[in-house]
Structure formats: C-alpha cells, structure tokens
Amino acid sequence: MDIICGKTWTFGENIDTDVIIPGRYLRTFNPQDLADHVLEGERPDFTKNVQQGDVIVAGENFGCGSSREQAPVAIKTAGVNAIIAKSFARIFYRNAINIGLPVIVSDINAEDGDIIKIDLSKGILINETSGESQNFEPFKEFMLNILEDGGLVNHYLNND
1 MDIICGKTWT FGENIDTDVI IPGRYLRTFN PQDLADHVLE GERPDFTKNV QQGDVIVAGE
61 NFGCGSSREQ APVAIKTAGV NAIIAKSFAR IFYRNAINIG LPVIVSDINA EDGDIIKIDL
121 SKGILINETS GESQNFEPFK EFMLNILEDG GLVNHYLNND
C-alpha cells in the first residue's frame, strides 16, 4: 500500500461528517448501505460514479463536525483509497487511520478526474495530469503497517 494511484474527486472547505454521511442513514451498521449514500448531499453524482481506487482532494478542515466513525467507513467502502486535504479534523483523521484509510495533509492542486499518485513512505504526491508534485510528511513505518493490515484492529489481531 505504499503507492496509491487514482482518479480525483475534489471538494471544498469544511466538509463535515454530517455531509459525508447524513444522520438519517445512521440507522444501519452495514458499510455498503452507508457507502450508497456517502457525500450525496455535496455531490449527488459521487455515489453513482466513484470507483475503486479513487482519491478525494479537499480543502481545509475535512471531516469536521461530529466524531461519527461511519464517515470514513462510508468513504472507504465506496472505493476511495485515500483522502488528501489541506487539514483534517483530528478525530476524523484518527478514525480514518484506524480503519485503514490513508489521509494525507497536503495542498496539491487538482481538478475532478486528474490522476494522483501518492507515495506514502517517501511523502510525495504527483498530479500526473498537471505534472505538479508536492511533498508531505512521510508515513512512519508503524502507520504504514496499520494501513497495510487494513486498520488498527486488524493490525492488533495480526500481531498478537
């Protein structure tokens, strides 16, 4: 999982967990049911068109709002392999790592449909469409191990 490459979906600032997965859908614990409604209020085309391996690129404060764990679960289950944002809400960031969804703090320019390549261990983002590259704080080995194992619980179970 050190290298991720995918098509981008762009979002603005302050995408909160209520926008990511509205409260009316929290009656289920089925990850696919959540994914079927992820970000639909912000981008109605998202749930119909997101594909396995896609990447979200967003502005400041992604995942703000309540600490609902279903938000990163819905995003990951929908097929998103990573989120790049200028900043993240702390709880969202940790919840994403805990379920094995890479979240990268960086400010890279991207438009919908651009192809982004992410090297987690070297800390390099490349927008292959525009040619722009950006450095970010590389993931430490223990974080890469958690992501590789599919999240913190799986990592714990694999290393027990």
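With the UniProt record's numbering, letter number 146 in the sequence shown gets 146, and the count goes up by one each step, no holes. Glycine included, C-beta positions come from ideal geometry on N, C-alpha and C.
Excluding the five sequence neighbours on either side, which residues of its own chain have a C-beta within less than 7 Å of the C-beta of residue i, listed in chain order?
i       : result
Phe-136 : Ile-104, Val-105, Ser-106, Gly-123, Leu-125
Gly-150 : Gly-100
Asn-145 : His-155
Pro-72  : Phe-92, Asn-95, Ala-96, Ile-99, Leu-101
Drop a sphere of 10 angstroms on the beta-carbon of residue i, count the other beta-carbons inside from all chains shown, and report buried for 16 or more, exposed for fewer.
i       : result
Phe-11  : buried
Val-55  : buried
Arg-68  : buried
Asn-127 : buried
Lys-48  : exposed
What does residue i pair with, by DSSP beta-bridge criteria?
i       : result
Phe-88  : Phe-62
Asn-127 : Ile-116
Ala-74  : Answer is none; Ala-74 lacks a bridge partner.
Val-19  : Paired residue(s): none; Val-19 is not in a bridge.
Val-105 : Ala-85
Val-57  : Thr-10, Ile-84
Gln-51  : For Gln-51, which the question treats as bridged, DSSP gives no partner whatsoever.
Asn-135 : Ile-124
Ile-3   : Asp-119
So, does the CB of residue i fall closer than 8 Å to a CB anywhere in chain C?
i      : result
Glu-69 : Absence of chain C from the displayed structure is noted, only one protein chain being present.
Please name the residue in the options whose C-alpha comes closest to that of residue i.
i      : options                          : result
Thr-17 : Asn-30, Thr-8, Phe-62            : Phe-62
Val-84 : Ile-75, Gly-59, Asp-33           : It should be noted that the sequence gives Ile, not Val, for residue 84. Of the candidates Ile-75, Gly-59, Asp-33, the one whose C-alpha sits nearest the C-alpha of Ile-84 is Gly-59.
Pro-94 : Leu-147, Gln-52, Asn-127         : Per the sequence shown, residue 94 should be read as Arg rather than Pro. With distances taken between Cα atoms, Arg-94 lies closest to Leu-147.
Ser-87 : Arg-43, Val-19, Cys-64, Tyr-156  : Cys-64
Gly-53 : Ile-108, Cys-5, Leu-157, Ser-121 : Cys-5
Asp-33 : Phe-142, Gln-70, Arg-43          : Gln-70
Gly-41 : Thr-28, Arg-24, Asn-30           : Arg-24
Lys-76 : Asn-30, Asp-119, Glu-132         : Asn-30
Ile-3  : Pro-22, Phe-139, Ala-35          : Phe-139
Only counting the same chain, and skipping five residues up and downstream in sequence, which positions put a Cβ closer than 6 Å to that of residue i?
i       : result
Ile-8   : As written in the sequence, residue 8 is Thr, which differs from the Ile given in the question. These residues qualify, in order along the chain: Val-55, Val-57, Ala-110, Asp-114, Ile-116.
Gln-51  : Gly-79
Leu-152 : Asn-98, Ile-146
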